[in-house]
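>
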Amino acid sequence: IRKNGKYYVFGVSEFEGEYEPIAVDAEVLDNNTYIIKSGLNKGDEVVDNALFMMDSDAQINGLY
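Count along the sequence shown from 1, add 109, and you get the number used in the numbering used here.
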């Protein structure tokens with residue numbers, strides 16, 4: 110997701126069923142493909158669907 114000029118992915122939290130936004134440096138290849146250059150570590154788990162719900166929840170909770 111892109112917000113205010115920054116890219117975010119949603120990572121799996123330490124608490125079951127909770128997710129948190131993680132700022133990343135991303136390069137856009139096309140409308141559906143991005144290369145994450147930094148911000149994630151090997152083995153990090155991220156959400157790959159329902160991003161609109163994650164974005165809404167993060168905004169409501171003031172996470173970004």
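Positions of the beta carbon are idealized from the N, C-alpha and C atoms, including for glycine.
#1: Please state whether DSSP places Ser-165 in a helix, a strand or coil.
#2: What distance in whole Å lies between the Cβ atoms of Val-133 and Val-118, which are believed to be in contact at a cut-off of 8 Å?
#3: Less than 8 Å separating the beta-carbons of Tyr-128 and Val-156?
#4: Quick one: measure Cβ to Cβ for Ile-144 and Leu-138, integer angstroms, because I've assumed they're closer than 8 Å.
#5: Compare the C-alpha of Glu-154 against each of Ser-165, Asn-140 and Glu-125 and name the closest.
Considering the structure as presented:
#1: helix
#2: 6 Å
#3: yes
#4: 6 Å
#5: Glu-125
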